[in-house]
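Residues in the sequence shown are numbered consecutively from 0, following numbering that gives the first Met the number 0.
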Amino acid sequence: MEACAAYMFTCPQCGLDTPHALIDRKHDVVGIVCGHCRMPSIVRYDVFKCHQNRWEDELRDILNSLDNSGDDD
Ligand SMILES: [Zn+2]
Numbered sequence: 000m001e002a003c004a005a006y007m008f009t010c011p012q013c014g015l016d017t018p019h020a021l022i023d024r025k026h027d028v029v030g031i032v033c034g035h036c037r038m039p040s041i042v043r044y045d046v047f048k049c050h051q052n053r054w055e056d057e058l059r060d061i062l063n064s065l066d067n068s069g070d071d072d
C-alpha cells in the first residue's frame, strides 16, 4: 500500500485545502486523514474524486503556463 500518497482535499474538520492521506475505500466512501489537523474524515468517493480532478486540472493549467512562459516564440 502506498503510504506516502497525498490527495488534495478541503478538510471537513479544519476547512483548509490540505494534502490528505487515503486510508481506505469502502464502496462509495473513502477514509482520509488531514495532513494539517490529523483528523480522520469519511467522505463520498465521488466528491473526493471530483475534487482530485479539479486539482489535477489546475495543476495542468499551471504546468502549461510554465511551459509557455519559458517559450520565447
Ligand atoms: Zn484538517
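Glycine is no exception: its CB is placed at the ideal position from the N, C-alpha and C atoms.
Check: H50 C-beta below 8 Å from any heavy atom of ligand 1 | no
First and last residue of the beta strand (DSSP E) that includes L21?
-> D16 to K25
For my contact list, Q12 and C36 are in at a C-beta cut-off of 8 Å; report their separation, rounded to the angstrom.
-> 5 Å
In this structure, does DSSP put R59 in helix, strand or coil?
-> helix
In this structure, does DSSP put C36 in helix, strand or coil?
-> coil
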